[in-house]
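So the structure is just underneath, and the comments pick up after that.
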Amino acid sequence: MDKLEGFAPAKINLTLHVTGQRADGYHLLDSLVVFADVGDHLTCRLGEMSLAVSGSMAQGVPVGPSNLVFRAAELMGAQATITLEKHLPAAAGIGGGSSDAAAALRLLADLTGRAVPDQGVSLGADVPVCMLARAGFMRGIGEEVTPVDLPPLHAVLVNPGVPVPTGAVFGGLASKDNAPMEALPQGISVDQLLAWLSRQRNDLEAPAIAAQPVIADVLQALRESGAGLARMSGSGATCFGLYPDSKKAADAALALAHPGWWVQATVLS
Ligand SMILES: C[C@](O)(CO)[C@H](O)COP(=O)(O)OP(=O)(O)OC[C@H]1O[C@@H](n2ccc(N)nc2=O)[C@H](O)[C@@H]1O
Ligand SMILES: Nc1ncnc2c1ncn2[C@@H]1O[C@H](COP(=O)(O)OP(=O)(O)OP(=O)(O)O)[C@@H](O)[C@H]1O
Numbered sequence: 061m062d063k064l065e066g067f068a069p070a071k072i073n074l075t076l077h078v079t080g081q082r083a084d085g086y087h088l089l090d091s092l093v094v095f096a097d098v099g100d101h102l103t104c105r106l107g108e109m110s111l112a113v114s115g116s117m118a119q120g121v122p123v124g125p126s127n128l129v130f131r132a133a134e135l136m137g138a139q140a141t142i143t144l145e146k147h148l149p150a151a152a153g154i155g156g157g158s159s160d161a162a163a164a165l166r167l168l169a170d171l172t173g174r175a176v177p178d179q180g181v182s183l184g185a186d187v188p189v190c191m192l193a194r195a196g197f198m199r200g201i202g203e204e205v206t207p208v209d210l211p212p213l214h215a216v217l218v219n220p221g222v223p224v225p226t227g228a229v230f231g232g233l234a235s236k237d238n239a240p241m242e243a244l245p246q247g248i249s250v251d252q253l254l255a256w257l258s259r260q261r262n263d264l265e266a267p268a269i270a271a272q273p274v275i276a277d278v279l280q281a282l283r284e285s286g287a288g289l290a291r292m293s294g295s296g297a298t299c300f301g302l303y304p305d306s307k308k309a310a311d312a313a314l315a316l317a318h319p320g321w322w323v324q325a326t327v328l329s
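Listed below in structure tokens is the structure:
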């Protein structure tokens with residue numbers, strides 16, 4: 061094996077309940093996570109350590125040792141020549157950096173034959189679920205991950221171009237002890253899933269809107285575009301809308317076009 065290619069899909073929190081806080085300050089989560097068919101692309105080859113970042117969303121992404129891809133190589137004890145093509149906005153609640161790190165960990169594990177320590181959680185709370193890269197529950201601070209079977213969902217992702225720092229949004233929570241998600245019945249249809257989702261929450265939505273009020277405008281625009289459900293992902297600012305089929309999602313994406321907004325029709329699974 062010489063050079064390997066990998067895909068780092070956007071992570072979407074369909075729900076995000078904050079149920080407590082650990083003594084070290086990290087919050088306990090109860091979240092249903094899915095992945096989009098849009099994301100970043102990586103290539104990786106063992107050799108001299110280097111990282112080249114390109115792509116439509118490369119601006120502002122660190123190219124040095126603070127890039128999570130670099131830190132993934134350090135965690136694996138590997139030297140590698142890595143290219144990263146960024147298509148996902150950074151600091152956007154869709155785990156761009158975490159998904160890049162998870163993709164790099166998968167590639168480096170394949171190239172070196174080494175195991176990934178602790179599913180990469182030391183690189184970020186979102187890295188274990190991004191290692192899964194398919195629908196799953198995320199609990200603990202993010203280290204407890206369980207796959208789940210869900211029907212694919214047609215969606216539009218909208219990011220209004222304002223970065224949101226995750227720690228500050230957690231810090232703005234009015235309550236840290238909120239109810240967990242309801243049990244999710246197995247084998248449910250899309251309609252049943254939508255009804256179930258509409259009864260769940262993203263507890264970070266209120267503090268994120270307080271920090272960046274434009275998020276409320278994005279949610280309103282998604283609802284007006286015909287979304288059956290509109291919610292923020294992660295700590296924001298990206299929001300998603302869910303639609304009955306790919307045509308309605310594509311039409312909504314066109315209607316949502318707005319200067320400075322990143323808008324993507326996608327399938328979540
Ligand atoms: C909000 C989510 O995106 C939901 O999936 C994740 O919980 C955040 O994952 P992440 O960006 O990988 O988070 P990290 O880089 O580990 O943490 C960033 C900051 O968010 C806060 N943080 C994060 C995860 C967590 N369970 N509790 C927290 O309080 C901490 O202040 C931490 O310093
Ligand atoms: N590969 C990377 N891609 C994007 N940002 C990165 C990367 N590596 C490090 N960073 C830094 O990490 C910060 C958070 O970026 P990231 O895209 O992971 O946030 P996020 O989408 O809010 O993540 P999450 O959903 O996990 O909270 C950025 O401000 C950026 O400086």
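For the sequence shown, the working numbering assigns the number 61 to the initial residue and increments by one for each residue that follows.
C-beta: ideal position from N, C-alpha, C; glycine also.
Point to revise | Uninterrupted beta strand (DSSP E) stretches inside the segment 98–124 (no shorter than 3 residues) | key: 110–114
Point to revise | Bridge partner(s) assigned by DSSP for residue 284 | key: The partner list for residue 284 (beta bridge, DSSP) is empty, contrary to what the question assumes.
Check your understanding: Does the Cβ-Cβ distance between residue 216 and residue 312 come in under 8 Å?
Key -> yes
Review point. Residue 298 lies in the beta strand (DSSP E); which residues open and close that run?
Key: Premise fails: residue 298 is in no beta strand (DSSP E) and is neither H nor E.
Review point. Which ranges would you report for the beta strand (DSSP E) in the segment 213–298 if only whole runs of at least 3 residues count?
Key: Within the segment 213–298, the complete beta strand (DSSP E) segments of 3 residues or longer fall at 213–219 and 289–292, listed in chain order.
Check your understanding: How many whole angstroms separate the CB atoms of residue 240 and residue 327, which I take to be in contact at a CB cut-off of 8 Å?
Key -> The pair is not a contact, with the Cβ atoms about 27 Å apart (cut-off 8 Å).
Review point. Measuring CA to CA, which of 232, 249 and 316 is closest to residue 85?
Key: Comparing alpha carbon positions, the residue from 232, 249 and 316 closest to residue 85 is 232.
Check your understanding: Is residue 295 near ligand 2, with its Cβ less than 7 Å from a heavy atom?
Key -> At a cut-off of 7 Å, the beta-carbon of residue 295 counts as near ligand 2: some heavy atom of the ligand is closer than that.
**Study point:** Cβ separation of residue 201 and residue 72, assumed to be a contact under 8 Å, to the nearest whole Å
**Key:** Rounded, the Cβ-Cβ distance is 19 Å, inconsistent with contact.
Check your understanding: Can you tell me whether residue 293 is buried or exposed, with buried defined as 16 or more other CB within 10 angstroms of its CB?
Key -> Residue 293 comes out buried.
Review point. Around the C-beta of residue 146, are 16 or more other C-beta atoms found within 10 angstroms, so that it is buried, or is it exposed?
Key: buried
Exercise for review: Could you tell me which uninterrupted beta strand (DSSP E) segments, each at least 3 residues in length, are contained entirely in the segment 166–203, listed from first to last along the chain?
Suggested key: 196–200
Review point. Do you know how far the Cα of residue 169 is from the Cα of residue 144?
Key: 17 Å
Practice item. Could you pull the start and end residues of the alpha helix (DSSP H) that residue 307 belongs to? Key: 306–315
Check your understanding: What is the C-beta distance between residue 195 and residue 208, in whole angstroms, given that I count them as a contact (C-beta under 8 Å)?
Key -> Taking 8 Å as the upper bound for CB-CB distance, residue 195 and residue 208 are in contact here, some 5 Å apart.
Point to revise | Reduced DSSP category for residue 151 - H, G, I as helix; E, B as strand; rest coil | key: coil
Practice item. Would you kindly check if the distance between the Cβ of residue 184 and the Cβ of residue 128 is under 8 Å? Key: yes
Exercise for review: Whole angstroms is fine: what's the gap from residue 264's alpha carbon to residue 92's?
Suggested key: 14 Å
Practice item. Return the chain-ordered list of same chain residues with a C-beta closer than 7 Å to the C-beta of residue 108, the five sequence neighbours on each side being excluded. Key: 139 and 141
Practice item. Please work out which residues of its chain come closer than 6 Å, Cβ to Cβ, to residue 278, disregarding the five sequence neighbours upstream and downstream, and give them in chain order. Key: 218, 220 and 299
Exercise for review: Please state whether DSSP places residue 91 in a helix, a strand or coil.
Suggested key: strand
Check your understanding: Hey, quick one: how far does the alpha helix (DSSP H) through residue 37 stretch, first residue to last?
Key -> A question about residue 37 goes unanswered here, because the residues of the chain that appear run from 61 up to 329.
Check your understanding: Using the C-alpha atoms, what's the distance from residue 257 back to residue 134?
Key -> 38 Å
Review point. Can you tell which of 106, 82 and 157 has its C-alpha closest to the C-alpha of residue 68?
Key: The residue among 106, 82 and 157 with its C-alpha nearest the C-alpha of residue 68 is 157.
**Study point:** Supposed contact pair residue 90 and residue 160 - C-beta distance, whole angstroms, cut 8 Å
**Key:** No, residue 160 and residue 90 are not in contact; Cβ-Cβ is about 25 Å, not under 8 Å.
Exercise for review: Assign residue 188 to buried or exposed, taking buried as 16 or more other Cβ atoms, counted over all protein chains shown, within 10 Å of its Cβ.
Suggested key: buried
Exercise for review: Confirm the yes/no value for this check: CB of residue 182, any heavy atom of ligand 2, distance under 7 Å.
Suggested key: no
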